[in-house]
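Taking the numbering used here, the leading residue of the sequence shown gets 729, the next gets one more, and so forth.
Where a beta carbon is used, it is the ideal one built from N, C-alpha and C, also for glycine.
Since the model is a prediction, treat every value here as computed from it, not as a measurement.
See below for the structure under consideration.
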Amino acid sequence: MLIAGRAVQGLGGGGLFVMVDIIVADLVPLRERQKYMSMIMGTFALGTFIGPIIGGAIASKISWRWVFYINLPIAGVAFVLVILFLRVHYRREGTLWSRLARVDLLGNMLLMASVTAVLIGLTWGGTLYSWKSWHVLLPLLIGILGLVAFLFHQKFFAADPTMPLRVYSNNTSLLSFILTFLHGIEMSWLSFFLPIYFQVLLGASPIRSGVDLLAIVIPLMPAGIVGGFIVAQTGHYKPTMIAGYALLAIGAGCLTLLDASSSTAKWVIFQIIAGVGGGLALTATLPAVQAPLAEADVAVATASWGFVRSFGSIWGAAIPAAVFNSRIDNLLTSISDPAIRAILKSGGAYEHATADFISTLNVQPAVKQELIDIYTKGLKEVWQVLIAFAVIAVPLAVVLKEVPLRTELVTEFGLKGDEKEEMKLAQVSGREAVNENGLRSINSQSSR
């Protein structure tokens, strides 16, 4: 029942995640878009990091059931607000069933099944089974082959593709998707392994480690908003993107200096550097994806951007876990207690990376210190590999082509309450508010 409920929740959450971006893209010209997108991305990042803290507190102080119950009033209020305030124009072509028939069901099923298979392999690898086990390799192989089949279907068979390959056909969008994938990897990497540092090396509780993580969370939102306004005002996304990925690389490098004796100021400053970089980089990737594309492709490109970022997040949890477990396995000979060695091998180190487990060794101070030493070395290697991913992104951002951001949006959509204002703007700018095809023209320059 829990799995089924989470599946339904995932379908709804995934749709909301993408639709918010698509709605903004359909209502606001590209150059002005980042003012709104940066705030949306910032609040999303804030919720992503703070959610586990709130959830952990609720589960430990009240009941785990309330982690799910609390979504009911929040979603209910959001549902009412959407009905009341989101009133947009759209073409009503055909019946509901005829529109649903255009959905690429086969493509969606292939994509979901393939991603699920990859996720199973990455989840089991290094924990339940060895990375060399067929239990891990088979779902990974099935998932990768499924993704190839999905792309083949999109290219040759889908009448209305879920992810048309033309959005990847130009170098700028393709490179931006790669940078988005790397961003998903890097931010997920940080969110999964900084808590291990806090809990194992600093002895923080799960809730306390969540609070310590605020040092990277809090800068994300203002950095993203500032980056969005810079893109909107200057019309250039490259400087913001380069600065963001450079700061992420610097932050990753700084994390290799952390150990059990590091001061609070040190790990706070290092997180702030990475947080500012993450916020700046995230807000610049979407306009880089959208800028070379026709407006008709912006919606599917935005959905693809969301998928690529989420897919990167999956690898951002799996890759460092594999690196960490492999390094710990190689260091287990330095643990003098055979029982502890048995617990930590084959993925047990990641599973037991909690302050509670470390505290059980208080009666064995020598073994506890041995454990902290190998965790320190394991985390250092995790941060070193992260540096490689972060450094790769910087030259990619440098060679990325700067495409002018459009100041006019031609769309069949628009807020209903803006009709009179748009007609007034059209008269001022000398443009028609609605062209001969029934598409609405919004010029951001005329509103300045």
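Item                                                                                                  : Value
Rounded separation between F1052 and G972 - CA only                                                   : 26 Å
Bounding residues of the alpha helix (DSSP H) (the contiguous stretch that carries P923)              : N899 to I924
For V846, the three-state DSSP class (helix, strand or coil)                                          : helix
Identity of the residues DSSP links to Y857 by a beta bridge                                          : G853
Inter-residue spacing [alpha-carbon to alpha-carbon] between G733 and S1064                           : 45 Å
Cβ contact check for the segment 956–974 and the segment 879–886: 3 or more pairs under 8 Å           : no
Member of S991, W995, L865 and H863 whose CA lies at the smallest distance from the CA of L918        : W995
Cβ-based burial, I781 [other Cβ within 10 Å; buried from 16]                                          : buried
N-terminal and C-terminal residue of the alpha helix (DSSP H) that T1104 is part of                   : P1093 to V1127
Residue range of the alpha helix (DSSP H) that includes P947                                          : L942 to T962
Segment limits, alpha helix (DSSP H) that includes G1075                                              : Segment: none, G1075 is in no alpha helix (DSSP H) and carries neither H nor E.
Rounded C-alpha distance that separates A1024 from F905                                               : 18 Å
Proximal residues to K1152 (C-beta, below 7 Å), its chain only, five neighbours per side dropped      : Because the pLDDT of K1152 is 47, which lies under 50, any placement of that residue in the model is unreliable, and the number read from its coordinates should be weighed accordingly. Excluding sequence neighbours, K1152 sits near nothing in its chain.
Cβ neighbour criterion (16 or more within 10 Å) applied to L812                                       : exposed
Neighbour-count burial assignment, I997, 16 or more Cβ in a 10 Å radius                               : exposed
Sequence ranges, alpha helix (DSSP H) only - wholly within the segment 1004–1060, length at least 4   : 1026–1059
Given 8 Å, three or more beta-carbon pairs between the segment 999–1013 and the segment 758–777       : yes
Buried or exposed (CB count within 10 angstroms, at least 16 for buried), G835                        : buried
Whole-angstrom distance between F1039 and P867, CA atom to CA atom                                    : 16 Å
Y973 - containing alpha helix (DSSP H), residue span                                                  : K966 to L983
Spatial distance of A1029 from Y857 (CA atoms)                                                        : 37 Å
Cβ neighbours of V1110 in the same chain (closer than 6 Å, five flanking residues each side left out) : F921, P1048, V1051 and F1052
Start-to-end residues for the alpha helix (DSSP H) that takes in L868                                 : W862 to F884
Close Cβ partners of L985 (< 8 Å) along its chain, the five nearest in sequence each way excluded     : K994 and F998
Neighbour-count burial assignment, Q1155, 16 or more Cβ in a 10 Å radius                              : Because the pLDDT of Q1155 is 43, which lies under 50, any placement of that residue in the model is unreliable, and the number read from its coordinates should be weighed accordingly. Exposed, since its Cβ has fewer than 16 Cβ neighbours within 10 Å.
Whether A928 touches A785 by CB criterion (7 Å)                                                       : For the sequence presented, residue 928 should be read as Val rather than Ala. No.
Cβ contact (3+ pairs, closer than 8 Å) linking the segment 946–958 and the segment 1069–1081          : no
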